[in-house]
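Here my numbering is used: position 244 in the sequence shown is 244, and no number is missing along the way.
Cβ atoms here follow ideal geometry from the backbone N, Cα and C, with glycine treated the same way.
The structure displayed is predicted, hence computed values, not measured ones.
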Amino acid sequence: MTTQPFGKKGWTPTQIGSLANKTYVITGANSGAGFEASHLLLSKGAKVVMLNRNPSKSAIAIEKLKTLLGQHIDVRYIQLDLAQLDSVRRAAKELLATTPNIDALICNGAIAQVANQEITVDGFESQLGVNHFGHFLLCGLLFQRIEDSSGRIVIVGSNAYKMGLKRIKFEDLNFDQKYTAWNAYAQSKLAQMMFGYELQRRIKAANIQVEVQVCHPGASRTNLLMDTASTFNKVLWSVMSRFIAQSAEKGAWPEVMCATQDNLKPTTLYGPTKRANTVGPVGENTLVPIALDEEMAAQLWAISLEKTSLNWPL
Ligand SMILES: NC(=O)c1ccc[n+]([C@@H]2O[C@H](COP(=O)([O-])OP(=O)(O)OC[C@H]3O[C@@H](n4cnc5c(N)ncnc54)[C@H](OP(=O)(O)O)[C@@H]3O)[C@@H](O)[C@H]2O)c1
1 MTTQPFGKKG WTPTQIGSLA NKTYVITGAN SGAGFEASHL LLSKGAKVVM
51 LNRNPSKSAI AIEKLKTLLG QHIDVRYIQL DLAQLDSVRR AAKELLATTP
101 NIDALICNGA IAQVANQEIT VDGFESQLGV NHFGHFLLCG LLFQRIEDSS
151 GRIVIVGSNA YKMGLKRIKF EDLNFDQKYT AWNAYAQSKL AQMMFGYELQ
201 RRIKAANIQV EVQVCHPGAS RTNLLMDTAS TFNKVLWSVM SRFIAQSAEK
251 GAWPEVMCAT QDNLKPTTLY GPTKRANTVG PVGENTLVPI ALDEEMAAQL
301 WAISLEKTSL NWPL
């Protein structure tokens, strides 16, 4: 059994000191764990730049944060649709022009359990496109600024990485054969996490000072399935989540910890530690080896560069 670094109660936001003069960039921050993470970071004096796809929801989220914390908070939003590589490029350009420092980029936004196969404008299965390829491109485009800021990248994964097919289906990335919502979501979260650990290895080999951490929120009561899942899964989750899930706020703790806490380790997955890592104190989870498969990760890296037309010589 793992010895937990923050004891029985796990990591809590009491560990965070002042975040004045720090800037956090977070995708998908107008609801759920992303909104709660923004709230927590702002409450400690940080600046937050939300990268959100929906302008009206973003305006409402910012207004809510100001009501909760005061008009003085430093929060703004840049429009970004992770489902469109051109939108990711535009958002990264605007961010670089307006944001001198990035202390952490939190790759939080996602879609899940998309009921029927959907293909993005760039030709990707929608969950792989939004959750992995969109974030891969964003990380690559912002990497130099993050390095110049001695900053971090936080990948928000999921327990789903160890479910589904437990591999990247390179021969049929889009699940043109036998699409299932669960297998395609699981592949996309495994891809994100494999990318995170591959990035750690490449950064170490290049002797660069950028920290990468990988975490997940466990089972949290958020909007995650509400837009995209089948009616059956939506109803099932809205009933089950009352009993088996924790609040969105608790779900945000692992990503906030990974963005702010010193002395975290590489090759580790941080998340809730009770009931099969779905709820409870935040600490280290046992990592299933598939996430550390170096051969598959190298292949995924090469394909990700090609699919996003990114030049990232790392
Ligand atoms: N909730 C859970 O039990 C659970 C379990 C495991 C992992 N996770 C992970 O936790 C993270 C946060 O999810 P959540 O549970 O907080 O769900 P959520 O409330 O649905 O939040 C997801 C966010 O992602 C945004 N998003 C979706 N598609 C996007 C796109 N194309 N471009 C930009 N942003 C987009 C959504 O924006 P809109 O408001 O515009 O839809 C929303 O703000 C995700 O990475 C998810 O995979 C959650």
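Open item on the list: For glycine 151, which residues in the same chain have their Cβ closer than 6 angstroms to its Cβ, ignoring the five residues on either side in sequence?
Closed with: Once the five neighbours on either side are set aside, the close Cβ partners of glycine 151 are Ile102, Asp103, Ala104.
Task: Enclosing alpha helix (DSSP H) for arginine 201 [first to last residue] - done: For arginine 201, the enclosing alpha helix (DSSP H) has its first and last residue at 181-205.
Open item on the list: Cutting at 6 angstroms between CB atoms, please list the residues of its own chain near isoleucine 119, excluding the five before and the five after it.
Closed with: Cβ neighbours of isoleucine 119 beyond the five flanking positions: none.
Open item on the list: For ligand 1, I want to know if valine 130 counts as a neighbour, meaning its beta carbon is within less than 7 angstroms of at least one of the ligand's heavy atoms.
Closed with: The answer is yes for valine 130.
Open item on the list: One question on the structure: do valine 288 and cysteine 215 come within less than 8 angstroms of each other, judged by their Cβ atoms?
Closed with: In this structure, cysteine 215 does not lie closer than 8 angstroms to valine 288 by Cβ.
- [ ] Rounded to whole angstroms, what's the CA-CA distance from lysine 166 to isoleucine 290? Just pull it up for me.
- [x] C-alpha separation (whole angstroms): 7 angstroms.
- [ ] Could you spell out where the beta strand (DSSP E) holding threonine 273 opens and where it closes?
- [x] For threonine 273, the enclosing beta strand (DSSP E) stretches over residues 269-274.
TODO: Identify, in the order they occur along the chain, each residue of the same chain with its Cβ nearer than 8 angstroms to the Cβ of alanine 91, setting aside the five sequence neighbours on each side.
DONE: Residues of the same chain with a CB within less than 8 angstroms of the CB of alanine 91, apart from the 5 flanking positions on each side, are Leu51, Ile78, Gln79, Leu80, Leu138 in chain order.
- [ ] Determine the closest residue to alanine 112 out of Ala298, Thr273, Asn223, with distance taken between C-alpha atoms.
- [x] Looking at the Cα atoms, Asn223 is the closest of the given residues.
Task: Neighbour-count burial assignment, alanine 206, 16 or more Cβ in a 10 Å radius - done: A residue is called buried when at least 16 other Cβ atoms come within 10 angstroms of its Cβ; alanine 206 does not meet this threshold and is exposed.
- [ ] Would you mind working out which of Arg201, Asn131, Ile303, Val256 sits nearest serine 158, comparing C-alpha positions?
- [x] The candidate whose alpha carbon is nearest that of serine 158 is Asn131.
Open item on the list: With H, G and I counted as helix, E and B as strand and the rest as coil, what does DSSP make of leucine 225?
Closed with: Looking at leucine 225 - three-state DSSP - the assignment turns out to be coil, as it is neither helix nor strand.
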